[in-house]
Amino acid sequence: MGDAIRVAVVTGGHSFDVPNLHKLFRALEGVDAYVQHMENFVSARHRVKDWYDVVLFYSMLGFRDQGKPRYPDKPVQTMGDVLDAGIGVVMLHHAILSYTDWDLWKDMVGLDAESFTGYSHDEKMNIAVADSEHPITRGIVDWEMLDETYEMEEPDADSQVLLTTDHSACMKTIGWTRQAEKSRVFNLQSGHDNHTWVDENFQAVLLRGIQWAAGRI
Numbered sequence: 002m003g004d005a006i007r008v009a010v011v012t013g014g015h016s017f018d019v020p021n022l023h024k025l026f027r028a029l030e031g032v033d034a035y036v037q038h039m040e041n042f043v044s045a046r047h048r049v050k051d052w053y054d055v056v057l058f059y060s061m062l063g064f065r066d067q068g069k070p071r072y073p074d075k076p077v078q079t080m081g082d083v084l085d086a087g088i089g090v091v092m093l094h095h096a097i098l099s100y101t102d103w104d105l106w107k108d109m110v111g112l113d114a115e116s117f118t119g120y121s122h123d124e125k126m127n128i129a130v131a132d133s134e135h136p137i138t139r140g141i142v143d144w145e146m147l148d149e150t151y152e153m154e155e156p157d158a159d160s161q162v163l164l165t166t167d168h169s170a171c172m173k174t175i176g177w178t179r180q181a182e183k184s185r186v187f188n189l190q191s192g193h194d195n196h197t198w199v200d201e202n203f204q205a206v207l208l209r210g211i212q213w214a215a216g217r218i
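In terms of my numbering, the sequence shown is residues 2 to 218.
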């Protein structure tokens, strides 16, 4: 794929529509995505993990898998290496709820997942562009789509807010960026299932988020 952005799409701890998730990433032009479980990603050799331009998390694991052989400390070690190397990070949907007791994860998402109080599926959400000058949202206009809402606290003051919603059962901020050590981090609350994945605006924001995290835009 030439100069395609190589993305590790890391899953685990939450069910998902496998065929349509693969279709989503095949639809993103210039993205070469490799879907894999967290255990496979963190257990890979350094030269394999360092090959990626972006690590996109669509996982919701916590530390409950620590009892597995050779797995216990791998997420901690791996993410330290990822951020030290400046590899881009994208947190998609339920990934922002992972690892409630891990300060490094909280730093990447900019909020405490323990503040989560509820969700609602298949809600019509009005998505508003809060920052029209950022490379991720430049040229995107407000739109409506179906998605799952989350009720939880807002990202902290070190976050740059890009997208918001006025849905009464959802956190206001939907998309935001952060810097974690040497890595750019894009957080996107949206992305529950194929109702959302097929939305052209969602795909455009996700693609640009990947491009931005990789330092391509």
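All residues carry an ideal CB built from backbone N, CA and C; glycine is no exception.
(request) Could you give the DSSP three-state label for residue 113: helix, strand or coil? (result) It is coil, neither helix nor strand.
(request) Check residue 124 in the structure and name its three-state DSSP category. (result) In the three-state reduction of the DSSP assignment, residue 124 falls in the strand class, which pools E and B.
(request) May I ask which residues mark the beginning and end of the alpha helix (DSSP H) holding residue 199? (result) It is not in any alpha helix (DSSP H) - residue 199 carries neither H nor E in the DSSP assignment.
(request) Answer yes or no: do residue 150 and residue 124 have a C-beta to C-beta separation smaller than 7 Å? (result) In contact: residue 150 and residue 124 (Cβ atoms closer than 7 Å).
(message) Mapping the DSSP letters down to three states, classify residue 84 as helix, strand or coil.
(response) Helix at residue 84.
(message) For residue 91, report the span of its alpha helix (DSSP H) as first-last.
(response) Where residue 91 is concerned, there is no enclosing alpha helix (DSSP H), although the beta strand (DSSP E) around it starts and stops at 89-93.
(request) Please say whether residue 34 and residue 60 have beta carbons closer to each other than 7 Å? (result) No; because the gap between Cβ atoms is not below 7 Å, this pair is not in contact.
(request) Express the C-alpha separation of residue 86 and residue 51 in angstroms, rounding to a whole number. (result) Here the alpha carbon of residue 51 sits roughly 8 Å from the alpha carbon of residue 86.
(request) Pick helix, strand or coil for residue 17, following the three-state DSSP scheme. (result) Three-state DSSP puts residue 17 in coil, outside helix and strand.
(request) Give me the Cα-Cα distance between residue 66 and residue 109, rounded to the nearest whole angstrom. (result) For residue 66, the predicted structure reports a pLDDT of 48, less than 50, and the residue's modelled location is therefore unreliable. The matter cannot be settled from this model.
(request) Starting from the N-terminal side, write out each stretch of the beta strand (DSSP E) that is 3 residues or longer and does not extend beyond the region 145-199. (result) Runs found: 161-166, 174-181, 184-189.
(request) Closer than 8 Å by C-beta to residue 118: which residues in its own chain qualify, once you throw out the five before and the five after it? Chain order, please. (result) For residue 118, where only same-chain residues beyond five positions count, the Cβ hits under 8 Å are 152, 153.
(message) My output table needs one value for residue 210: the three-state DSSP class, helix, strand or coil.
(response) DSSP places residue 210 in helix when its eight states are reduced to three.
(request) Starting from the C-beta of residue 155, find all residues in its chain whose C-beta is less than 8 Å away, skip the five residues before and the five after it, and write them out in chain order. (result) Excluding its 5 nearest sequence neighbours in each direction, residue 155 has C-beta neighbours in its own chain below 8 Å: 112, 172, 173, 174, listed in chain order.
(request) Indicate the three-state DSSP secondary structure (helix, strand or coil) for residue 2 in the structure shown. (result) Residue placement at residue 2 is flagged as unreliable, the pLDDT there being 49, under the threshold of 50; the coordinate-derived value follows with that caveat. Three-state DSSP puts residue 2 in coil, outside helix and strand.
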